[in-house]
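A.B. asks: Below is one structure. I have some questions about it.
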């Protein structure tokens, strides 16, 4: 029998997994800076919970893995972290508000497998529950800007829009209220199918030519917040979405964020439950969403019966990984020093030396294969370690060892006592 | 409809989850120190993979969640991290050896739900593949000792035994070779059912009274390695397990580990696949296994057809958490400073100040609820924050704010420019 993975699942070996860990830890550091705390919920959820309409909708229910457990109860694997969090809020009505949480975990969707799209993948979300303050929206955008900066992204930017404004603009363009979702769905595909594609899509959905023309000229508009807000104020004066955008931008500026964001009237974000400001992180020349979110003030009430406004943003670990993996060379290991006994006789002393280096806070490996020095050097170099400590009989007699820098090839004999300091400096 | 969790699953809110994160990060730091790198495998595995006999055995197959996916393939949720790792090794025959990996992830078992036992739980494993060197065994024990020290455990110790020695001792006691597993299973229950219980268990399995008497006197033996090894050398001279234990102890000493471990001849570790040294971490007065593992040189060959010796240890996040949660008060948040505008007029300035403090590396929250100062102080104190920065109109006119230490109640007016330094010192 050949062993193989389930289709749409991935193994991550240490070189990839180290980078993934760094991505997540970088983001978590920023989350903590803004007062978000970690939360964890199960992968297994009751099928009834996952299929509440206001959660994921019918599309997602079809994609949800589900089964009867040994006792006959129907169970599903969570398809996102938003629905489980809504359940937690419903079950903890006394949670002090605002509640700022981050969550990192695997989610599962039986979906078409494509490059960059799997059936089991990680999500990393922050959300702020229990406040209408648009400072919370600004914090989500601010966290995103800081995360991508810290991750080493250069040409990234946050596109911002507002659902109330969008709704106003659709009216202004002549879209009938009952066609709002149709229009949203068509516009949402702009990145993928281009302006011509959106036109076709709108035509297919039976929207009038004249209305389409208006719409297409509106959704082309993007740029500096002040300019765009001035323009839309002429089209839909008094629209509440404009006020919300103005407020968001004012807070962002007060928080020291001067660029890295723009208003883009074509931004829709697929999910039906958004109610106010929405945002998405993109990068120049890449047709990928690296993070996305927005305000969803009605979803938890519909879902869980408790009135809790919410705003959040979800980070795409997979697309972030795909960009960074191309930028940087993957580390092979985190080990700095390899300790190599020249022969079996120096093994005990080598263990002793390795242990001293570890006590000094260094990451150290010792020969575990009884290999020749040549083979050990080869292994250590291949794993990207910087130093090899050669423990030989003659050196030992003088209380010494030889350190070789595997990058420069330089060698130095040193007293064992001074070894940790020699390596650190 | 009431929203509830699936039976045997748990939500972790931030106070618990922060402690869990700290436990895992503490262990990972030590793993890195010894050259272990992170690996990740899917939750979803093919049912055929999970039910290979040499993996978990029939008992575990019964407990494994499994279902047909939308395409009709039978899929199971992993019940441990060992079987998926064996699959990865089989699929990556060119992996450079030794391969030292750690893995942290959720596993799933449909089992009886009891305090501390759930159906979805985390495992944190280290394993060293591809070497027979008992230095690898010593590293697993050493990592365990260092982790528990770093986690703040005091009365913990590692019990050590050896399967080859156990086998020799069973022969010596008069247990027939075909009854080895029966005897193992009975002895393995010692912690739970006591010596009387083990006697009954052995009787039930049809082992002769005289043999039982011998066995019970042997498994009572535990203590300092040197003494125990001397004793068993009289009973089963030349036994290979004795040599392996001696070697393990010698390496541990060379690595600077002088106590925190003992030999306990009653230690069996349930799993059939162990072949050499086995170990388990316990603590004085607590009948719980905090970590356990051992050498399993045959399992991967039987499972995956490739000959790869292995040794590892698995950390019980749940029991570790249960001990630490009683020892320390749970933190409510990681936020150090709360910035409170006295009225809405100071919001913009407050955002500006919060942002400066974050830039200085501090974890900061700002009022998101438009609350009164009193309410904000209440919230910040409840969340365990140390400082509140009060941003008032009069102070601002002089470029100042007031810092209150929420623990001592002390207040100090300070120049905004000096604020980050004031708080850090």
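Chains as they are written, first to last, in this note's numbering: chain A, -1 to 423; chain S, -1 to 423. Where is the CB? At the ideal position from N, CA and C, for every residue including glycine.
Classify residue 103 (chain A) as helix, strand or coil using the three-state DSSP reduction.
C.D. replies: Strand.
A.B. asks: Helix, strand or coil for residue 217 (chain S)? Go by DSSP, reduced to three states.
C.D. replies: DSSP places residue 217 (chain S) in helix when its eight states are reduced to three.
A.B. asks: Taking the DSSP output, what are the residues bridged to residue 75 (chain A)?
C.D. replies: For residue 75 (chain A), which the question treats as bridged, DSSP gives the partners A:42.
A.B. asks: Within the continuous alpha helix (DSSP H) that includes residue 4 (chain A), where are the two ends?
C.D. replies: Run containing residue 4 (chain A): none; DSSP gives neither H nor E here.
A.B. asks: From the beta carbon of residue 104 (chain S), is the nearest beta carbon of chain A less than 8 Å away?
C.D. replies: It does; some Cβ of chain A falls within 8 Å.
A.B. asks: Please confirm if the region 70 to 85 of chain A is in contact with the region 3 to 16 of chain A, defined as three or more CB-CB distances below 8 Å between the two stretches.
C.D. replies: No: the two stretches stay apart, fewer than three of their Cβ pairs being nearer than 8 Å.
A.B. asks: Shortest alpha-carbon distance to residue 123 (chain S) belongs to which of S:308, S:196, S:386, S:393?
C.D. replies: When only C-alpha atoms are compared, the closest one is S:308.
A.B. asks: With a cut-off of 8 Å, does the C-beta of residue 121 (chain S) fall near any C-beta of chain A?
C.D. replies: It does not; no Cβ of chain A falls within 8 Å.
A.B. asks: Within the same chain, show all residues whose beta-carbon is closer than 8 Å to that of residue 99 (chain S), passing over the 5 residues directly before and after it, in chain order.
C.D. replies: The answer, listed in chain order, is 34, 35, 36, 37, 83, 124, 125, 127.
A.B. asks: Residues of the region 302 to 313 of chain A in Cβ contact with chain S at a cutoff of 9 Å, in chain order, please.
C.D. replies: Correct list: 302, 303.
A.B. asks: Can you give me, in chain order, the residues of the region 36 to 52 of chain S that have a beta carbon less than 7 Å from any beta carbon in chain A?
C.D. replies: If the cut-off is 7 Å between Cβ atoms, the region 36 to 52 of chain S has 36, 37, 38, 39, 40, 41, 42, 43, 44, 46, 47 near chain A.
A.B. asks: For residue 184 (chain A), which residues in the same chain have their Cβ closer than 7 Å to its Cβ, ignoring the five residues on either side in sequence?
C.D. replies: So the list reads 196, 199, 200, 203, once near-sequence residues are dropped.
A.B. asks: Between residue 349 (chain S) and residue 335 (chain S), is the Cβ-Cβ spacing less than 8 Å?
C.D. replies: Cβ distance not < 8 Å, so residue 349 (chain S) and residue 335 (chain S) don't count as in contact.
A.B. asks: List, from N- to C-terminal side, the alpha helix (DSSP H) runs of 4 residues or more that fit wholly inside the region 286 to 324 of chain S.
C.D. replies: Fully enclosed alpha helix (DSSP H) runs of 4 or longer: 297 to 302.
A.B. asks: Within the same chain, show all residues whose beta-carbon is closer than 7 Å to that of residue 378 (chain S), passing over the 5 residues directly before and after it, in chain order.
C.D. replies: Answer for residue 378 (chain S): 336, 386, 404, listed in chain order.
A.B. asks: I want to see whether chain S comes within less than 8 Å of residue 65 (chain A), judged by CB atoms only; does it?
C.D. replies: Residue 65 (chain A) counts as touching chain S.
A.B. asks: Grouping DSSP H, G and I as helix and E and B as strand, with all else coil, what is residue 109 (chain S)?
C.D. replies: Coil.
A.B. asks: List, from N- to C-terminal side, the beta strand (DSSP E) runs of 3 residues or more that fit wholly inside the region 78 to 165 of chain A.
C.D. replies: 97 to 106, 118 to 127, 154 to 160, all fully within the region 78 to 165 of chain A.
A.B. asks: Can you tell me where the alpha helix (DSSP H) with residue 12 (chain A) in it begins and where it stops?
C.D. replies: Per DSSP, residue 12 (chain A) belongs to the alpha helix (DSSP H) from 12 to 31.
A.B. asks: Can you check DSSP and say which residues form a bridge with residue 336 (chain A)?
C.D. replies: DSSP lists A:363, A:386 as partners of residue 336 (chain A).
A.B. asks: Return the CA-CA distance between residue 131 (chain S) and residue 344 (chain A), expressed in angstroms with no decimal places.
C.D. replies: Residue 131 (chain S) and residue 344 (chain A): Cα-Cα distance of roughly 15 Å.
A.B. asks: Identify the continuous alpha helix (DSSP H) that holds residue 241 (chain S) and give its terminal residues.
C.D. replies: Note, residue 241 (chain S): alpha helix (DSSP H), 238 to 252.
A.B. asks: Measuring CA to CA, which of S:232, S:2, S:101 is closest to residue 42 (chain A)?
C.D. replies: Out of S:232, S:2, S:101, S:2 has the C-alpha closest to the C-alpha of residue 42 (chain A).
A.B. asks: How about residue 2 (chain A): is its C-beta nearer than 8 Å to some C-beta of chain S?
C.D. replies: Answer yes: the Cβ-Cβ gap between residue 2 (chain A) and chain S drops below 8 Å somewhere.
A.B. asks: The region 331 to 353 of chain A: which residues have C-beta closer than 9 Å to a C-beta of chain S, in chain order?
C.D. replies: Within the region 331 to 353 of chain A, the qualifying residues are 331, 332, 333, 336, 345, 346, 347, 348, 349, 350, 352, 353.
A.B. asks: Provide the residue(s) that pair with residue 402 (chain A) in DSSP beta bridges, ordered along the chain.
C.D. replies: Note: residue 402 (chain A) sits in a beta bridge opposite A:386, A:409.
A.B. asks: Which residue's Cα is closest to the Cα of residue 369 (chain S): S:340, S:409, S:192, S:164?
C.D. replies: The shortest Cα separation from residue 369 (chain S) among S:340, S:409, S:192, S:164 belongs to S:340.
A.B. asks: Which residues in chain S sit within 7 Å of residue 363 (chain A), going by Cβ to Cβ distance?
C.D. replies: Ordered by position in chain S, the residues that pass the 7 Å Cβ test against residue 363 (chain A) are 33.
A.B. asks: Closer than 8 Å, Cβ to any Cβ of chain A: which residues of the region 241 to 252 of chain S, in chain order?
C.D. replies: So the close ones are 248, 249, 252.
A.B. asks: Under 8 Å between the Cβ atoms of residue 89 (chain S) and residue 353 (chain A)?
C.D. replies: No; because the gap between Cβ atoms is not below 8 Å, this pair is not in contact.
A.B. asks: What are the boundary residues of the alpha helix (DSSP H) that includes residue 423 (chain A)?
C.D. replies: Per DSSP, residue 423 (chain A) belongs to no alpha helix (DSSP H) and is neither H nor E.
A.B. asks: Along the region 154 to 174 of chain A, where does the CB come closer than 8 Å to a CB of chain S? Name the residues.
C.D. replies: Residues passing the 8 Å Cβ filter: none.
A.B. asks: Counting Cβ pairs closer than 8 Å, one from the region 408 to 416 of chain S and one from the region 357 to 373 of chain S, do we hit at least three?
C.D. replies: No contact exists between the region 408 to 416 of chain S and the region 357 to 373 of chain S.
A.B. asks: Compute the beta-carbon to beta-carbon distance between residue 279 (chain S) and residue 290 (chain S), rounded to the nearest angstrom, for a pair I have assumed lies under 8 Å.
C.D. replies: Rounded, the Cβ-Cβ distance is 7 Å, consistent with contact.
A.B. asks: How is the alpha helix (DSSP H) around residue 181 (chain S) delimited, first residue to last?
C.D. replies: Residues 178 to 186.
A.B. asks: Interface residues of chain A around residue 176 (chain S) at Cβ under 8 Å?
C.D. replies: By Cβ distance, chain A contributes nothing, its closest Cβ being about 29 Å from residue 176 (chain S), past 8 Å.
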